[in-house]
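Per this note's numbering, the sequence shown starts with residue 39, numbered consecutively. Backbone N, C-alpha and C define an ideal beta-carbon position, used for all residues, glycine too.
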Amino acid sequence: MLYKFNTNDYLIRIPLFIIFFWFGLLKVLDLSPATELIIDTVFWMPFLTPENWTIVIGYWEMLIGICFLSKKTTLIAMILMFLQMTGTFMPLLILPEVTFQSSNPFLPTLEGQYIIKNIIIITAALIIGRSYLKLN
């Protein structure tokens with residue numbers, strides 16, 4: 039029998055908002071330490087320059103954060119977040135020389151750790167989504 043943990047989901051929603059909005063705003067203001075990594079990852083994407091893609095990603099993340107604040111927009115937040123996380127994990131595949139020491143997948147660099155820690159953000163979002171979809 040599993041212990042059922044009951045909590046106010048705003049204990050998860052508010053930190054998700056803070057992380058997504060804050061980190062997104064840093065990208066929009068060109069103050070993010072992740073800018074170089076993003077530019078190296080999105081260089082191949084059409085329509086915009088890598089620098090402009092960084093701004094788009096920043097606004098996208100800010101929108102994710104805002105959507106996590108309301109139960110009515112949880113599904114939108116989840117969809118936007120999973121699309122964003124797909125891009126977030128791309129450097130692990132296309133830039134292993136940047137994300138892993140000696141390209142060893144068991145030795146992440148600071149950049150690799152920055153990306154891998156998103157697993158906890160995804161898990162928190164899944165907990166919110168599970169509550170939203172009433173899958174308890």
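Neighbourhood of residue i by C-beta distance below 6 Å, restricted to the same chain and skipping five residues each side
i: E149; result: L75, V136 and T137
i: G96; result: G62, K65 and V66
i: G103; result: F55, F58 and F59
Cross-strand partners of residue i (DSSP beta bridge)
i: F138; result: P146
Unbroken alpha helix (DSSP H) run spanning residue i, endpoints
i: P88; result: P88 to F106
i: K65; result: Y48 to V66
i: F120; result: T112 to I132
i: S169; result: N156 to Y170
i: L75; result: T73 to V80
Cβ shell of residue i (< 8 Å), same chain only, five flanking positions each side left out
i: M100; result: F58, F59, G62, L63 and V66
i: Y41; result: With a pLDDT of only 48 at Y41, under 50, the local geometry of the prediction cannot be trusted, and no value is derived from it.
i: S70; result: F61, L64, I76, T92 and G96
i: P134; result: S141 and P143
Contact under 8 Å by Cβ, residue i with residue j
i: L107; j: F55; result: yes
i: A163; j: M116; result: yes
i: T92; j: I132; result: no
i: M193; j: I77; result: The structure shown does not extend to residue 193, since the chain is modelled only from 39 to 174, so the question has no answer here.
Any non-hydrogen atom of the ligand FMN closer than 7 Å to residue i Cβ
i: A72; result: No copy of the ligand FMN appears in this structure; indeed no ligand is present at all.
Cβ shell of residue i (< 7 Å), same chain only, five flanking positions each side left out
i: I154; result: P146
Sufficient close CB pairs (3 or more, under 8 Å) joining the segment 124-132 to the segment 50-67:
Verdict: no, contact absent.
Does the count of Cβ pairs from the segment 157-172 and the segment 109-121 closer than 8 Å reach three?
Output reads yes: the segment 109-121 touches the segment 157-172.
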